[in-house]
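Student:
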Amino acid sequence: LCCECGQFHLLLDNHLYNFQDEVDDELICHICLQPLLQPMDTPCGHTYCFKCLENFMQEYNFCPMDRKKLSFQQCHKSSLLVRNLLDKLIVFCPFKAECQQTMQRCELEAHLQNRCPGFKKYKSELQRKKNPISKGKEDPPTKVETNKPKDPEVLGGGSSLVAESSAAAVVSLVTAEPGLVNPAFEETEEGKATSLVAETTTIEIHREDPEEELGMRIVGGKDTPLGNIVVQEVLRDSVIAADGRIAPGDHILEVNGVNISSVTHCQAVSFLRHPGPVLHLMVLQEKGFSNKTAQQDSTSATNREVIHVTLIKRDRSEPLGIKLIRKTDEAGIFILDLLEGGLAAKNGKLSRNDRVLSINGQDLRQGTPEAAAQIIQSTESRVNFVVLRQPGVQLSDPVEDGSTSNNSSSSSSNGGSPVHHRRRLDQNHYRRKSTYQKGYVNHEKTVAIKKEPKESLGITIGGGRDNKNKLPIYVTSVQPIGCLFRDGRIKRGDVLLSINGIDLTQLNYYEAVSALKSNAASHSVILKALEILSLNSTEPSPDIKEQGFSWSPLWITWLGLPSYLHCCQDIVLTKGNLESWGFSIVGGFEESKGNQPFFIKTIVPGTPAFRDKKLKCGDEIVAVNGVPAIGMSNSELIPMLKEQRNKVTLTVVSWPGSLV
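In our numbering, the protein residues as written are 86 to 745.
1. Hey, how far is the Cα of tyrosine 594 from the Cα of alanine 600?
2. I need the boundaries of the alpha helix (DSSP H) containing glutamate 139, first residue and last residue.
3. Could you check if histidine 196 is buried or exposed, using at least 16 other CB atoms within 10 Å of its CB as the buried criterion?
4. Please go through the same chain and pick out, in chain order, the residues whose beta-carbon is closer than 7 Å to the beta-carbon of glycine 547, but skip the five residues on each side of it.
5. Closer than 8 Å is the cut-off here; do at least three beta carbon pairs connect the stretch 124 to 141 with the stretch 197 to 207?
6. Express the C-alpha separation of arginine 190 and lysine 555 in angstroms, rounding to a whole number.
7. Should the stretch 680 to 695 be called in touch with the stretch 323 to 331, which here means at least 3 C-beta pairs below 8 Å?
8. Going by DSSP, what residue range makes up the alpha helix (DSSP H) through lysine 602?
9. With distances taken from CA atoms, which of Leu122, Ile113 and Glu111 is nearest asparagine 99?
10. If you count every other CB in all the chains shown that lies within 10 Å of the CB of histidine 528, and 16 or more means buried, which is it?
11. Could you work out which residue in Lys660, Gly406 and Glu339 is closest to threonine 287 when comparing CA atoms only?
12. According to the Cβ coordinates, are serine 541 and alanine 606 closer than 8 Å?
13. DSSP three-state call for arginine 411: helix, strand or coil?
14. With distance defined between alpha-carbon atoms, name the residue in Gly679, Asn445 and Leu473 nearest to isoleucine 420.
15. Measuring only the C-alpha atoms, how far is glutamine 681 from valine 176?
16. Isoleucine 325 by DSSP, collapsed to three states: which one?
17. Between serine 347 and threonine 736, what straight-line distance do the alpha-carbon atoms span, to the nearest angstrom?
18. Among Leu211, Asn445 and Leu424, which has the Cα closest to the Cα of asparagine 140?
19. What are the boundary residues of the beta strand (DSSP E) that includes tyrosine 207?
20. Would you call the stretch 434 to 445 in contact with the stretch 355 to 368, where contact means no fewer than 3 C-beta pairs closer than 8 Å?
21. Give a yes or no on whether the C-beta atoms belonging to lysine 686 and valine 707 are separated by under 8 Å.
22. Measuring alpha carbon to alpha carbon, tell me which of Arg696, Gly711 and Phe683 ends up nearest glycine 703.
23. Indicate the three-state DSSP secondary structure (helix, strand or coil) for asparagine 341 in the structure shown.
24. Looking at the unbroken alpha helix (DSSP H) that takes in isoleucine 175, where does it start and where does it end?
25. Please report the straight-line C-alpha distance between valine 610 and glutamine 591, rounded to a whole angstrom.
26. For the candidate residues Ser323, Gln317 and Val343, whose alpha-carbon lies nearest to that of alanine 332?
27. For aspartate 655, which residues of its own chain have a beta-carbon under 6 Å away from its beta-carbon, when the five flanking residues on both sides are left out?
28. Would you report the Cα separation of alanine 614 and arginine 571, rounded to the nearest angstrom?
29. Rounding to the nearest angstrom, what Cα-Cα distance links alanine 533 and leucine 581 in this structure?
30. Do arginine 467 and isoleucine 397 count as a contact pair if the criterion is CB distance below 8 Å?
31. Which term fits arginine 152, buried or exposed, when burial requires 16 or more other beta carbons within 10 angstroms of its beta carbon?
32. Check whether the Cβ atoms of lysine 536 and cysteine 568 lie closer than 8 Å to each other.
33. What does DSSP give as the partner residue(s) for asparagine 469 in the beta ladder?
34. Indicate the three-state DSSP secondary structure (helix, strand or coil) for aspartate 51 in the structure shown.
35. Roughly how many whole angstroms lie between the Cα atoms of arginine 213 and serine 443?
36. Does the beta-carbon distance from histidine 350 to glycine 406 come in below 8 Å?
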């Protein structure tokens, strides 16, 4: 028992307190999810408990929140004001049976030592027994061999875990989220409405260097099916990342008072690249699906108790004996049952209906049983739980799904859902019209050059199939010293197809550099390249003035590439029976516009698509479960996605957004 906080915990762990009121989120450590103790500030603007950060930095070299590179030596104590605010938080005496007093957190130790009848009674009993209780509490429990449970939800090793089958019998989710793909507002089968919650925020960005790039990639524009300008990615160590308020998926509505919700992609890039020390952005940020859970959590949080529990495994494969579920009326993961004889049952500190907030410092407030299973399986010995407990509340009966619980091993590749009878194409490239994009056209050209053997081509390149977006090789600059500058036909932004008959379209960056160098040593060079041209003379050129910007083609120019240059990837999403996939789509065939690609427009926080992290706004969907999407209308593809009950494979092409 700790003499400072009056509770049981390991020597190296933080003190534990029972707070009278709900503590403001700004004062919470995002590692242990508890009010800060000995707060430490990082250079990137985040604050953690001293012990939490110290333990985390022993294994990792980045900030837990934004993953920026970090060392413990760079961190410093928080201001005296913050420490005083934390010390003045009101806590209960831990000896509730004998003492009902409340006091400031900084006063608890003195209260225990000098005034608390409960602690005094504890010390006298301890002296009589001459055997520290804390030792028995913290020793690893004796290993007891039990039959390995067959339930797929039981965590702690073994191939039958929920990670293998996302449709476990007891897994259910908030019924307010229907299994729909594209709803900003939809009706469920029960007639209850679900809506996406979004907020409009004005954000002021300050730059010490007015020419410095913001450090985000954008997609969309009125000349694309996306319509709005959407943030695809925020680059690490950038101005936007340091500010911390803009995230992927945010829609940018205004820049310095100018409405950009109905401008072309190139115009939006021009506005966002405009130099200046201060930038005012109005953004639309989606917060997730609305339901009553958030209100319930806020009103009942003061009646709940946060508990820290450590279970110690003898080896990685030892099961903990815990069943975890999702409930029908509340977000998060809950303990359904503790198996008799298991580690958790022998430890005795976890209870049925505890809500799991984190495991080993990883936030699971919006997590899944699958994610929890993976964390526990990868842990060698100590498994640290932070759980929320509300006394007297019974767990509601889980919703069972007999169609998947008994036959999970025999379910088909689409998760046991009905198969959409349509012709499948077993190929990497899904054909569509080379250039759907109005105003852009691609032109293939062959450039034959006579040169001196030692004369350089004089170009720099980017891309390569090893790039995270698996881009084709393209020209990033034409230097004024080489033969290609003198010839004048190869331009920045051209996609290189071949050199002297050697195909460059499937090479990684270093292979392409090697091929170009070796062939440049000959007297003649034949280059095949693809040039993307804008047909709109009033539209700003993709080569927008960009001093200080590392050059790469605009997102909109990639959309015109022919399908043989696409490099598709499969993204597999899994979900519970009543979950939404968590993304919306735009595009498809329309009478007035013809065939347009399908794009991901929205990824909703807290949903399977959001948790998977592979799908991005602006990605093009070219197939669903191997069925090509080309030629489909929006009203055809959405029902097809809705049919996929627990698992779907999306074949997508991902182009990098325009850098601003």
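The beta carbon of each residue, even a glycine, is placed where N, CA and C say it ideally should be.
Tutor: Judging by the given coordinates:
1. Tyrosine 594 and alanine 600: Cα-Cα distance of roughly 10 Å.
2. 135 to 142
3. Buried is the call here.
4. Tyr559, Thr561 and Ser637
5. The stretch 124 to 141 vs the stretch 197 to 207: no contact.
6. 54 Å
7. no
8. 594 to 604
9. Leu122
10. exposed
11. When the alpha-carbon of threonine 287 is set against those of Lys660, Gly406 and Glu339, the nearest one is in Glu339.
12. no
13. coil
14. Of the listed residues, the one whose Cα sits closest to isoleucine 420 is Leu473.
15. Rounded to the nearest angstrom, the two C-alpha atoms are 60 Å apart.
16. In the three-state reduction of the DSSP assignment, isoleucine 325 falls in the helix class.
17. 29 Å
18. Asn445
19. Note, tyrosine 207: premise wrong, no beta strand (DSSP E); alpha helix (DSSP H) at 202 to 214.
20. no
21. no
22. Phe683
23. coil
24. From DSSP, isoleucine 175 is part of no alpha helix (DSSP H) but of the beta strand (DSSP E) over 175 to 177.
25. 20 Å
26. Gln317
27. Thr734 and Thr736
28. So the two alpha carbons sit approximately 17 Å from each other.
29. So the alpha carbons of these two residues sit roughly 14 Å apart.
30. yes
31. exposed
32. yes
33. Thr395
34. A question about residue 51 goes unanswered here, because the residues of the chain that appear run from 86 up to 745.
35. Roughly 38 Å between the two C-alpha positions.
36. Taking 8 Å as the Cβ cut-off, histidine 350 and glycine 406 do not qualify as a contacting pair.
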